[in-house]
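Participant: Shown below is the structure under consideration.
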Amino acid sequence: MIIQLLLVPALVFAVVSSLRSRTSIRGQARRKILAVLTIVAGVLAVLFPDTLQALADWTGVTRGTDLLLYALALVIIYLVGSTSVRFREQEARLVQLARQVALADAALRHVEAVQARSQQAADQAPVAAHDRVQEAAATR
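Take the UniProt record's numbering: the final residue in the sequence shown is number 140, and no numbers are missing along the way.
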């Protein structure tokens, strides 16, 4: 059947393209084109159902609704894979951001601790100098 020759490569293409990185400009354009084509195909299927049946007959599918089901299954497989990749990429970004915040927080705490020690030493220095002066005066 023709439908089998069409569905197997389409399934492989849907899985492979959905698992690709989402950050490239080419990938973003591909997803937008696929979305537009899906919308156009849906509108045409609603406006011209006989065409869908004729396409189903040509591909060896008994009903146009079955052909539509196959197409929607491909779209859903693509969306599930694509969503999975997007969540993994967002999770990786979130981990990286959390690490940067933790490092910045640790650096800030270190700077504050150094400043506090410096201030404490500066506050104690006049008292220590005053004590040394009094000791020196007492030994004279």
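Where a beta carbon is used, it is the ideal one built from N, C-alpha and C, also for glycine. Remember, it's a predicted structure, so these values are computed and weren't measured experimentally.
Evaluate the contact criterion for the region 36-52 versus the region 103-110: three or more CB pairs, one atom per stretch, below 8 Å.
Facilitator: Output reads no: the region 103-110 does not touch the region 36-52.
Participant: Taking Cβ positions, are A56 and D66 nearer each other than 8 Å?
Facilitator: In this structure, D66 lies closer than 8 Å to A56 by Cβ.
Participant: By Cβ distance, which residues of its chain are closer than 6 Å to L74, with the 5 residues on each side in sequence left out?
Facilitator: A10 and A14
Participant: Quick check: V85 and L34, are their CB atoms within less than 8 Å of each other?
Facilitator: no
Participant: Can Y78 and S24 be called in contact, C-beta distance under 8 Å?
Facilitator: Cβ distance not < 8 Å, so Y78 and S24 don't count as in contact.
Participant: In whole angstroms, what separates the C-alpha of S58 from that of I3?
Facilitator: A quick correction: the sequence has Trp, not Ser, at residue 58. Their backbone Cα atoms lie some 9 Å apart in a straight line.
Participant: Should Y70 and L5 be called a contact, given that it needs their Cβ atoms to be closer than 8 Å?
Facilitator: In this structure, Y70 lies away from L5, with their beta-carbon atoms at least 8 Å apart.
Participant: When burial is assigned at 16 or more other CB atoms within 10 Å of the CB, is L72 buried or exposed?
Facilitator: exposed
Participant: Mind checking which residues open and close the alpha helix (DSSP H) that includes V12?
Facilitator: Counting along the chain, the alpha helix (DSSP H) containing V12 begins and ends at I2 to S18.
Participant: Would you mind stating whether G60 and P49 have Cβ atoms separated by less than 8 Å?
Facilitator: no
Participant: Which class does T62 belong to by DSSP, given the choice of helix, strand or coil?
Facilitator: DSSP places T62 in coil when its eight states are reduced to three.
Participant: Is DSSP giving F48 helix, strand or coil here?
Facilitator: coil
Participant: Return yes when the Cβ of L94 is within less than 8 Å of the Cβ of L68, no when it is not.
Facilitator: no
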